[in-house]
Amino acid sequence: MGFWDTITDLVEAATPWATADAEAPAKELPEETTTESTKEEESTKSETETAAAAEEPAAEEEPAAEEEAEEEAEEEEEEEEEEEPVDPKEEIEEACRNSKQCSPAKHHFDECVERVTSAESEGGAKEDCVEEFFHLAHCATQCAAPKLWSVLK
Amino acid sequence: MLARSCLRSTRAFAGLRNGAVHISKRAASSSSSGSATESPLRLNIAAAAATTLAAGSIAWYYHLYGPTADATAPAEEGLHPTKYPWVHEQWFKTFDHQALRRGFQVYREVCASCHSLSRVPYRTLVGSVLTVDEAKVLAEENEYDAEPNDQGEIEKRPGKLSDYLPAPYPNDEAARFANNGALPPDLSLIIKARHGGCDYVFSLLTGYPDEPPAGAQVGAGLNFNPYFPGTGIAMARVLYDGIVDYEDGTPATTSQMAKDVTEFLNWAAEPEMDDRKRMGMKVLAVTTVLFAMSVWVKRYKWAWLKSRKIVYDPPKTNDIAPRR
Numbered sequence: 001m002g003f004w005d006t007i008t009d010l011v012e013a014a015t016p017w018a019t020a021d022a023e024a025p026a027k028e029l030p031e032e033t034t035t036e037s038t039k040e041e042e043s044t045k046s047e048t049e050t051a052a053a054a055e056e057p058a059a060e061e062e063p064a065a066e067e068e069a070e071e072e073a074e075e076e077e078e079e080e081e082e083e084e085p086v087d088p089k090e091e092i093e094e095a096c097r098n099s100k101q102c103s104p105a106k107h108h109f110d111e112c113v114e115r116v117t118s119a120e121s122e123g124g125a126k127e128d129c130v131e132e133f134f135h136l137a138h139c140a141t142q143c144a145a146p147k148l149w150s151v152l153k
Numbered sequence: 001m002l003a004r005s006c007l008r009s010t011r012a013f014a015g016l017r018n019g020a021v022h023i024s025k026r027a028a029s030s031s032s033s034g035s036a037t038e039s040p041l042r043l044n045i046a047a048a049a050a051t052t053l054a055a056g057s058i059a060w061y062y063h064l065y066g067p068t069a070d071a072t073a074p075a076e077e078g079l080h081p082t083k084y085p086w087v088h089e090q091w092f093k094t095f096d097h098q099a100l101r102r103g104f105q106v107y108r109e110v111c112a113s114c115h116s117l118s119r120v121p122y123r124t125l126v127g128s129v130l131t132v133d134e135a136k137v138l139a140e141e142n143e144y145d146a147e148p149n150d151q152g153e154i155e156k157r158p159g160k161l162s163d164y165l166p167a168p169y170p171n172d173e174a175a176r177f178a179n180n181g182a183l184p185p186d187l188s189l190i191i192k193a194r195h196g197g198c199d200y201v202f203s204l205l206t207g208y209p210d211e212p213p214a215g216a217q218v219g220a221g222l223n224f225n226p227y228f229p230g231t232g233i234a235m236a237r238v239l240y241d242g243i244v245d246y247e248d249g250t251p252a253t254t255s256q257m258a259k260d261v262t263e264f265l266n267w268a269a270e271p272e273m274d275d276r277k278r279m280g281m282k283v284l285a286v287t288t289v290l291f292a293m294s295v296w297v298k299r300y301k302w303a304w305l306k307s308r309k310i311v312y313d314p315p316k317t318n319d320i321a322p323r324r
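Chains A and B, in that order, give the protein sequences. One point on numbering: in the UniProt record's numbering, the residue at position 34 of the first sequence is 34, and numbering is uninterrupted. One point on numbering: in the UniProt record's numbering, the residue at position 80 of the second sequence is 80, and numbering is uninterrupted.
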């Protein structure tokens, strides 16, 4: 039932004669979204269950229970993420900065920072690390762009 | 021709200057003439000199005018934004209207306190970002000048769908005064108005580093942003994680908000994009059909010409009497 609904929704959305109405969905909107999400969850659950059943026809009850537990854990994690959103861009770019791809740029930048800070402590620094920073940032964002877009909605 | 004349002149010159030596040399050599052995050397010297002169003049010219003199440091141009794989920039994709809705929420709650969106009326939001009722409610929250009443006084009335989004400041001077002399640009066409478009705006919004790199000079009242030309931007970082509560439950991270608001601003700059792409598809479909039809019509019209056969039937010589 729920699985079939998602398929029909997909087909309706994909058909070229489908129209999006500008009329207000009134106050049913949040309810609709919740029902849709629950339907999707149900469908995914049913999918996984059927898949598990297909893989192990003589399956015991334990793996199914484990799966359910895993799903619950995932849901909990998602809720936690919603409560405290962490910017994926920072993490991905940090990983990219430390990757082998950007190691030359990072090496130059670190060296420059070291040089300039020591020069500043001794007296006046006659240069800045903006160019090195640019090269490092260019490398990191270039590396992070596709990964970031796969995470963002 | 040039070589021949050179040869001749050197031969004559040599003969005039030291004829005796020349003659004796000629007498000594058996068959090949002395001028013939001497002139290739001079020719080679002349060619080498001319080539050196040519190469030298090219080098001198390049030294003078060749390299473009850049008086700017990379910081003055700013870091070029990275190309992001925007879905709505693909040929067969539309705007993600859920993203537009989120982006409008971000604009309203964050950007609108400083930036106007003066070319966008509420009616254009209907159907693409908001529903009619939502847009009406939003419009009615603002007051606009009404028509003059019986006494000629202009009263205020609640907004309608045909009204434009209200600006945060009455004019540019007020905006400058409120922001330490920096004018927050109008965002209606900002995606079209900046090099890099969506990539630039997204990079600018998310590109504020925690602290400027060592040695970088940041002016008073300015913030370091590598993507802004000159790297000193008056706008501080505004997007922080969780600053907006999305109605659809999307985690409001900095990059998520920046992506949504950038897509919304792209919609504001070219709201016709979806229709334009659909029109392009229609044009392609119709023209391919017309082209195929034209090919078949051409074959039909030319069929008689292509299938004709020209036969030369020579007159029989027997029937005609030979003319003499």
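Just so it is clear, CB atoms sit at the ideal spot from N, CA and C, and this is done for glycine as well.
The Cβ of V11 (chain A) sits no closer than 8 Å to any Cβ of chain B. Annotated as proximal: V261 (chain B) and G103 (chain B), with beta-carbon spacing under 8 Å.
With respect to R157 (chain B), E143 (chain B) sits close: the two C-beta atoms are nearer than 8 Å. In terms of Cβ geometry, K106 (chain A) and L148 (chain A) do not form a close pair [threshold 8 Å]. The alpha-carbon of P166 (chain B) is positioned some 17 Å away from that of F264 (chain B). In the DSSP annotation of this structure, the continuous segment of the alpha helix (DSSP H) that includes E122 (chain A) starts and ends at 103-122. Each residue's CA atom was taken as its position, placing D245 (chain B) and K153 (chain A) some 15 Å apart. Not a single C-beta of chain B is nearer than 8 Å to the C-beta of T15 (chain A). T52 (chain B) counts as exposed, since fewer than 16 other C-beta atoms from the protein chains shown sit within 10 angstroms of its C-beta.
For a Cβ distance threshold of 8 Å, residue set D87, P88, K89, L148, L152 of chain A lies close to S255 (chain B), ordered along the chain. Legend: CB atoms of the region 202-221 of chain B lying less than 9 Å from CB atoms of chain A belong to residues S203, T206, G207, P209, P212, P213, A214, G215, A216, Q217.
When secondary structure is reduced to three states using DSSP, K160 (chain B) falls in the coil class, being assigned neither helix nor strand.
Per DSSP, reduced to three states, the secondary structure at D145 (chain B) is strand. The CB of L138 (chain B) never comes closer than 9 Å to any CB in chain A; the least such distance is about 13 Å. At a beta-carbon threshold of 8 Å, none of the residues of chain A lie near D274 (chain B); the nearest stands roughly 11 Å away.
For G103 (chain B), no CB of chain A lies under 8 Å from its own CB, so it is not counted at the interface with that chain. The Cβ-Cβ distance between A214 (chain B) and V113 (chain A) falls below 8 Å. The C-beta distance from Y164 (chain B) to P121 (chain B) rounds to 5 Å, short enough to fall under 8 Å. DSSP places G232 (chain B) within a strand segment (E or B) once states are collapsed to three. For the UniProt domain "Cytochrome c" (98-251) of chain B, the full-length alpha helix (DSSP H) segments reaching 4 residues or more read 122-125, 132-140, 172-178, 190-193, 197-206 along the chain. Using a CB distance below 9 Å, the part of the region 77-90 of chain B facing chain A consists of G78, L79, H80, P81, T82, K83, Y84, P85, W86, V87, ordered along the chain.
With contacts defined as CB atoms closer than 8 Å, P185 (chain B) and H115 (chain B) qualify as a contacting pair. When C-beta distances to chain A are compared with 9 Å, the residues of the region 241-266 of chain B below that value are D241, G242, E247, D248, G249, T250, P251, A252, T253, T254, S255, Q256, A258, K259, D260, in chain order. In this structure, the alpha-carbon of I92 (chain A) lies about 32 Å from that of A220 (chain B). As the crow flies, the alpha-carbon of F224 (chain B) is around 7 Å from that of P209 (chain B). Residue-level contact check: D128 (chain A) touches chain B, since one or more beta carbons of chain B fall below 8 Å from its beta carbon. Pairing A234 (chain B) with E90 (chain A), the inter-Cα distance amounts to about 23 Å. Q256 (chain B) sits in a helix when the DSSP states are folded into three classes.
Residue environment analysis places N149 (chain B) among the exposed positions, since fewer than 16 neighbouring C-beta atoms fall within 10 angstroms of its C-beta.
Collapsing the DSSP output to three states places F92 (chain B) in coil. Inter-residue distance for K306 (chain B) and F291 (chain B) is about 21 Å (C-alpha atoms, whole angstroms). For E12 (chain A), the enclosing alpha helix (DSSP H) covers residues 2-14.
Those residues of the region 42-61 of chain B placed with their C-beta closer than 9 Å to a C-beta in chain A do not exist.
When DSSP states are grouped into helix, strand and coil, D128 (chain A) belongs to the coil group. At a cut-off of 8 Å between C-beta atoms, P229 (chain B) does not count as an interface residue with respect to chain A. Here L284 (chain B) is exposed. Its C-beta has fewer than 16 other C-beta atoms within 10 Å.
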